Each structure stands twice: as C-alpha cells, then as structure tokens.
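**Q**
Residue numbers (our numbering): 21 to 94.
#1: Closer than 8 Å is the cut-off here; do at least three beta carbon pairs connect the stretch 42-62 with the stretch 85-94?
#2: Could you give the first and the last residue of the continuous alpha helix (DSSP H) run that contains residue 82?
#3: Between the beta-carbon of residue 47 and the beta-carbon of residue 62, is there less than 8 Å?
#4: Please check the pair residue 42 and residue 21, which I expect to be a contact at CB under 8 Å, by giving their CB distance rounded to whole angstroms.
#5: Looking at residue 80 and residue 45, is the spacing between their C-beta atoms short of 8 Å?
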C-alpha cells in the first residue's frame, strides 16, 4: 500500500502526509452503513473538506458519527 501511495503522489505531483488508516476506516464505515459505492465518494469528500481547511481527524470523526447513525446501520 505504501508503494502505491508513493506512486500516486509522484504521478499527481503532491507531497503530503496523511493518515491512510483514517481514510480507509471512513471508506469502510460508509460502505457498510450506506452501500459500497459510498466509500470512494466519501473519501473524495473527505479530501475536499481537508483541502478547504478542515482538520483530518475532525472530518474522520464526523463521518464515523454519521455512518453510525445512518438508518441502515442499525
């Protein structure tokens, strides 16, 4: 996984540190609570939120809370 992340960063010309586990956890939460297709959309929106200045940990916590409260998650 680390090799893939490094290759994607190089290809896109970005050099940023991030918590891959938090992103994967959010993808898992969205996929299980909503549907599988929600995972990539959720992680994209996480990136947008962080790019707009949100703290990554706060974004991840909000997604986790939303997923746990999603109607199909109960």
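Glycine included, each C-beta is placed from N, C-alpha and C at the ideal position.
A quick note: this is a predicted structure, and the numbers were derived from the prediction, not measured.
**A** On the basis of the supplied data:
#1: yes
#2: Segment 76-89, the alpha helix (DSSP H) holding residue 82.
#3: In terms of Cβ geometry, residue 47 and residue 62 form a close pair [threshold 8 Å].
#4: Not a contact, Cβ separation roughly 14 Å.
#5: yes
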